[in-house]
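Presented below is the structure to which this report refers.
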Amino acid sequence: MEPVEINAGRYYLRALRADRLIDDRPALVAGLADPECARWLTHVSVSTLAEAGAYVAKRARSWAEETRFSWAVAEPTTGALLGEVLLKDLDLDSGLAEAGCWAVPEARGRGMTTEALGAVLRFGFGALGLREIAYKHSPGNTASRRVAEKLGFTPVAGTAELSELVLRNPRAG
1 MEPVEINAGR YYLRALRADR LIDDRPALVA GLADPECARW LTHVSVSTLA
51 EAGAYVAKRA RSWAEETRFS WAVAEPTTGA LLGEVLLKDL DLDSGLAEAG
101 CWAVPEARGR GMTTEALGAV LRFGFGALGL REIAYKHSPG NTASRRVAEK
151 LGFTPVAGTA ELSELVLRNP RAG
């Protein structure tokens with residue numbers, strides 16, 4: 001599938017880019033190096049422009065493979081990267097996915113992630129026909145949990161390392 005652009009109200013969702021018009025690589029390096037992102041996204045290592053370029057290329061391949069759909073949350077007038085929202089572990093045949101998100105420090109606390117991820121959830125349920133979307137976070141990550149709760153996710157499981165919430169398609173039987 002080709003990347004889908006979404007108008008998410010105050011934000012514009014688009015594919016991550018590293019080209020002559022828009023280069024998200026510097027913002028990826030800075031955003032993912034932020035102590036709060038580094039604390040919760042220990043599985044992501046993007047500390048150089050080359051690693052950021054590989055990250056952008058990997059996200060593009062994931063669209064083509066239909067395994068992960070990732071959107072840059074962009075400021076609509078400048079295109080500046082404010083964060084990323086995504087559907088990962090996609091199983092389109094079974095109608096299942098997991099949602100994820102992160103935000104650069106200056107975009108936090110304004111509802112940006114909730115608004116952007118809400119648009120992605122509507123896309124997942126409406127356009128993709130997903131029946132259930134999971135959301136996992138570390139128990140200490142209260143900001144992440146607040147985003148999930150605002151979007152209607154409800155708890156289904158939890159351990160010392162990970163809490164899982166779920167949102168079911170209201171139109172699915």
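For what it's worth, full-length UniProt numbering labels the leading residue of the sequence shown as 1, then goes sequentially.
Every residue, glycine too, gets a C-beta built ideally from N, C-alpha and C.
- The Cβ atoms of E84 and C101 sit closer than 8 angstroms to each other.
- Of all alpha-carbon atoms in R168, R122, N7, Y135, the one lying nearest the alpha-carbon of D89 is that of Y135.
- Annotated three-state conformation of V85 is strand, per DSSP.
- Here the C-alpha atom of A80 lies approximately 8 angstroms from the C-alpha atom of D24.
- For L165, there is no enclosing alpha helix (DSSP H); the residue is found in the beta strand (DSSP E) stretching over 163 to 168.
- Counting along the chain, the unbroken alpha helix (DSSP H) around V56 starts and ends at 49 to 65.
- The Cβ atoms of P105 and E51 lie no closer than 8 angstroms to each other.
- Secondary structure at G124: helix, using DSSP grouped into helix, strand and coil.
- Contact annotation: A97 and T113 have beta-carbon atoms that are not nearer than 8 angstroms.
- Counting along the chain, V44 sits inside no alpha helix (DSSP H), nor does DSSP assign it H or E at all.
- T78 has its alpha-carbon roughly 24 angstroms from the corresponding atom of K58.
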